[in-house]
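Asks:
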Amino acid sequence: MQSNVGKLDRALRVVTGLVLVALAATGIVDWWGWLGILPLATGLVGYCAVYSLLGVRACPLKK
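For the record, in the sequence shown the residue sitting at position 39 is 82 according to our numbering, with numbers rising by one throughout.
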């Protein structure tokens, strides 16, 4: 499994995921805030299955 998420994309996913999970944990948003686990996980792992299906690569290829 090769990384297909770039550095900036990963950082944005982690921040977005953390914010959504924190909002859900504090009760500010409803159940959908827990969906923040998905961008958090893909940001931490560096791989996005949807990008793979669409043929998108947000990071440069390693030589």
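All C-beta atoms in this analysis are idealised placements derived from N, C-alpha and C, irrespective of residue type, glycine included. Quick caveat: nothing in here was measured; it's all calculated off a predicted structure.
Could you check the C-alpha separation between V72 and V58 for me, to the nearest Å?
Replies: Looking up residue 72 in the sequence shown gives position 29. Looking up residue 58 in the sequence shown gives position 15. Going from the Cα of V72 to the Cα of V58 covers about 16 Å.
Asks: From the beta carbon of W77, is the nearest beta carbon of chain D less than 9 Å away?
Replies: Of the protein chains in the structure, only one exists, and it is not chain D.
Asks: Looking at the unbroken alpha helix (DSSP H) that takes in P82, where does it start and where does it end?
Replies: Start at 1 with the first residue of the sequence shown, and residue 82 comes out as number 39. Run containing P82: 80–88, per the alpha helix (DSSP H) assignment.
Asks: Of all the options P103, A101, V99, S95, which has the alpha carbon lying nearest to the alpha carbon of M44?
Replies: Here residue 44 is taken as the residue at index 1 of the sequence shown, counted from 1. For M44, the nearest C-alpha among the options comes from S95.
Asks: Using the three-state DSSP reduction, which class does A67 fall into: helix, strand or coil?
Replies: Position 24 of the sequence shown, counted from the start, is the residue given in the question as residue 67. Here A67 sits in helix by DSSP.
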